[in-house]
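Colleague: For reference, the structure I am asking about is given below.
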Amino acid sequence: MDPQQNLIFLTNRVGRQLSRLLLERMEFEAFQPQSTHMGLLADIVSGDGQRQQDLAISTIKDKGTVARSLKQLETSGFIRRETDLEDRRQKRIHLTEKGKRMWCYTLERAHQAMDCATKDISPQDLSVCTGVLNKIYRNLHEQLQTPQ
5 MDPQQNLIFL
15 TNRVGRQLSR
25 LLLERMEFEA
35 FQPQSTHMGL
45 LADIVSGDGQ
55 RQQDLAISTI
65 KDKGTVARSL
75 KQLETSGFIR
85 RETDLEDRRQ
95 KRIHLTEKGK
105 RMWCYTLERA
115 HQAMDCATKD
125 ISPQDLSVCT
135 GVLNKIYRNL
145 HEQLQTPQ
């Protein structure tokens with residue numbers, strides 16, 4: 005298998021395995037989040053008050069999937085939706101106090117999962133890997149943002 009082909013499958017497998025490890029340890033107050041929930045929460049934490057449409061774009065999920073996941077998070081008390089004052093058709097998504105507690109719990113579990121995943125990897129190798137993956141992500145993001 006050539007290196008590029010191997011990288012494609014390896015990054016997918018690593019992401020899936022890390023997600024499985026994290027989600028297996030992730031029940032919070034009788035709520036079992038799915039990977040879509042976690043991606044949405046991560047984006048909301050990075051910018052509270054985002055529009056639902058923007059979350060669909062940033063998580064690379066279709067609007068229906070995002071709407072269903074947000075409804076589950078809202079019903080469970082992790083987020084609240086507020087009407088956008090500039091465009092009343094849009095909703096802004098905010099974390100509740102319960103959502104903030106869940107996010108702290110999630111970060112603890114994520115650090116534990118990463119400790120397992122990066123066992124026996126030197127800080128230097130990890131730094132190089134992180135840099136390369138960030139560059140690949142930026143290249144792909146730029147390519148997808150550029151009209152064809």
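In the numbering used here, the protein residues as written are 5 to 152.
Positions of the beta carbon are idealized from the N, C-alpha and C atoms, including for glycine.
It should be emphasised that the depicted structure is a prediction, and the values quoted were computed from it without experimental measurement.
(1) Among the candidates N138, R55, T40, whose CA atom is the shortest distance from the CA of E90?
(2) Compute the beta-carbon to beta-carbon distance between Y109 and F32, rounded to the nearest angstrom, for a pair I have assumed lies under 8 Å.
(3) Go through the stretch 21-89 residue by residue and report every complete run of the alpha helix (DSSP H) that reaches 4 residues or more, in order.
(4) Tell me, to the nearest whole angstrom, how far the beta carbon of G81 is from that of L45; I am working on the premise that it is less than 8 Å.
(5) Is I83 buried or exposed, if buried means 16 or more other CB atoms sit within 10 Å of its CB?
(6) Considering only DSSP beta bridges, list what H98 is partnered with.
(7) Distance, Cα to Cα, K65 vs L26?
(8) Comparing C-alpha positions only, which one of R29, R96, Q147 sits nearest to H115?
(9) So T40 and S73 are supposed to be a Cβ contact under 8 Å. How far apart are they, rounded?
Modeller: Taking the structure as given:
(1) R55
(2) 5 Å
(3) 39-50, 56-63, 67-79
(4) Wrong, their Cβ atoms sit about 13 Å apart, outside the cutoff.
(5) buried
(6) R84
(7) 20 Å
(8) R29
(9) 5 Å
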